[in-house]
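Going by this note's numbering, the sequence shown opens with residue 3, and the numbers climb by one from there.
Backbone N, C-alpha and C define an ideal beta-carbon position, used for all residues, glycine too.
Note that this is a predicted model, so its numbers are computed, not measured.
Below is one structure, written out as structure tokens, with a few remarks after it.
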Amino acid sequence: MEKWPIGVFTSVDAGLGVKLEVAHELNVPTIQLHAPAQSTRTQENANQFLKRIDDLGITLTAVFGGFEGESYADIPTVLETVGLVPPETRAARAREMKEISDFARLLGCDVVALHLGFIPHDTGAPLYREVLDVTQDLLDHCKQNNQDLHLETGQESAEGLLQFISDVERDNLFVNFDPANMILYGTGEPIEALQKIGNLVHSVHCKDGTWSDQPGETWGSEVPLGDGAVGMENYLRTLDAIGYTGPLTIEREIAEDPERQKADIGQAVTLLRELKKKIG
Ligand code: MG
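Below you can see the structure in the form of structure tokens.
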């Protein structure tokens, strides 16, 4: 694959991504896919999907897990509802994430990814141990499917994430780096974080955002690529410096306004193509 193929985050029937047609219309060669709803994760649908992307000349680079009941309404709600951290839903979601890994295997995809949730900062807390256990179990399942698991960034500082990955002690755990999430959640300067996480970054989102006036307590705002505080040229130069050559997957999470979402992604594609020419 060429260096830095452009990508876009897509959805079939669940999640906030764009339809496959948008990737095709914008001539984008790679996609990440939000896992389809449980009832549609069948062999038949996998075959149909593979045929469609093959016809369009599109490569699938990662399948993202997401769960019913997750809400990104505000930061405290994320804490209570997202990922494998909340105890009440953990066992069922861990099972479902394994099913998503199996579905990704049907799609021939060797990367699955997710928002794990807010990992406890106290590494001595029982909850920290529980999150380690469920992650190890999931990683061992992914390993049987010859897959890596990528953790989406945002809810942890770079140090917190590195500590956790080290404590998990598995060789198929990596990072999907989302610079805007670092800003939106107020967890740290994205460029510094990217330098620290370095070669554990195996996939990235190209997304932009502005800081909240109360970082870590209220959301910043997600904005079109290039309009926020990430600094896209610096972002790509830093990806280059850490040796990242994988897809640049654009994410624009305004599914409620598909026309604007598509227009913004179109602009992001143009911006990334210009920067690739300059830097790549
Ligand atoms: Mg993201």
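Between the options, which lies nearest to residue i when the distance is taken from Cα to Cα?
i, options, result
"V203", "D150, P31 and G230", "D150"
"V113", "L28, E224, G200 and G67", "G67"
"D142", "F179, A96 and L164", "A96"
"H117", "L129, V80 and N147", "V80"
"Q269", "I55, S13 and L28", "L28"
"M234", "I256, L196, E261 and A257", "L196"
"E191", "I167, K145, E171 and T240", "T240"
"T125", "A75, K145, E154 and F166", "F166"
"I55", "L18, G110 and P89", "G110"
"T155", "D180, K145 and D76", "D180"
"E276", "Y246, L227 and I244", "L227"
"N49", "F105, E70 and P78", "F105"
"D139", "S168, A93, A182 and A127", "A93"
"L18", "I256, P122, K279 and V271", "I256"
"K278", "I121, P260 and Y237", "Y237"
"S13", "Y74, P260 and T272", "P260"
"Y74", "F120, L164 and D169", "F120"
Taking DSSP's pairing of strands, which residues face residue i in a bridge?
i, result
"V206", "F179 and L250"
"L151", "V114 and L175"
"G211", "E224"
"E14", "The question names Glu, but residue 14 in the sequence shown is Val. DSSP output for V14 lists no bridge partner at all."
"G188", "The partner list for G188 (beta bridge, DSSP) is empty, contrary to what the question assumes."
"G9", "T32 and T251"
Under 6 Å Cβ to Cβ from residue i, same chain only, skipping five residues before and after it: list those, please.
i, result
"F176", "D150, H152, L202 and H204"
"P249", "P7, G9, T32 and T63"
"G230", "D210, G211 and T212"
"P217", "G188"
"K198", "A160"
"R254", "Q263, D266 and I267"
"N147", "S103 and R107"
"L274", "I8 and L250"
"V65", "L35, A37, A106, C111 and V114"
"K5", "T247 and G282"
"N178", "A115, H152, E154 and S205"
I'd like the list of long-range same chain contacts for residue i, defined as Cβ closer than 7 Å, with 5 residues on each side in sequence excluded.
i, result
"S214", "G188, T220, W221 and G222"
"D242", "I281"
"V225", "D210, G211 and T212"
"E72", "T83 and V84"
Report yes or no: is there a C-beta of chain B within less than 9 Å of the C-beta of residue i?
i, result
"A231", "Absence of chain B from the displayed structure is noted, only one protein chain being present."
Grab me the residues of residue i's own chain with a C-beta within less than 8 Å of its C-beta, minus the 5 sequence neighbours each way, in chain order.
i, result
"M184", "T155, G156, G190, E191, P192 and A195"
"N174", "L141, C144, K145, Q149, D150 and L151"
"P89", "L129 and E132"
"A16", "H36, A37, P38, A39 and G68"
"L186", "G156, G211, S214, W221, G222, S223 and E224"
Counting Cβ pairs closer than 8 Å, one from the segment 12-26 and one from the segment 205-223, do we hit at least three? no
To test your reading of the DSSP string, which unbroken alpha helix (DSSP H) runs of 4 or more residues are found completely within the segment 19-99? 22-27, 45-58 and 77-83
Contact between the segment 6-15 and the segment 75-91 (3+ Cβ pairs under 8 Å): At 8 Å Cβ cutoff, the stretches do not touch.
Are the segment 26-44 and the segment 60-72 touching by the rule of at least three beta carbon pairs closer than 8 Å? yes
Three or more C-beta pairs closer than 8 Å, one from the segment 128-135 and one from the segment 153-163: is that the case here? no
Contact between the segment 33-48 and the segment 86-105: three or more CB pairs below 8 Å? The segment 33-48, when compared against the segment 86-105, does touch it at the 8 Å Cβ threshold.
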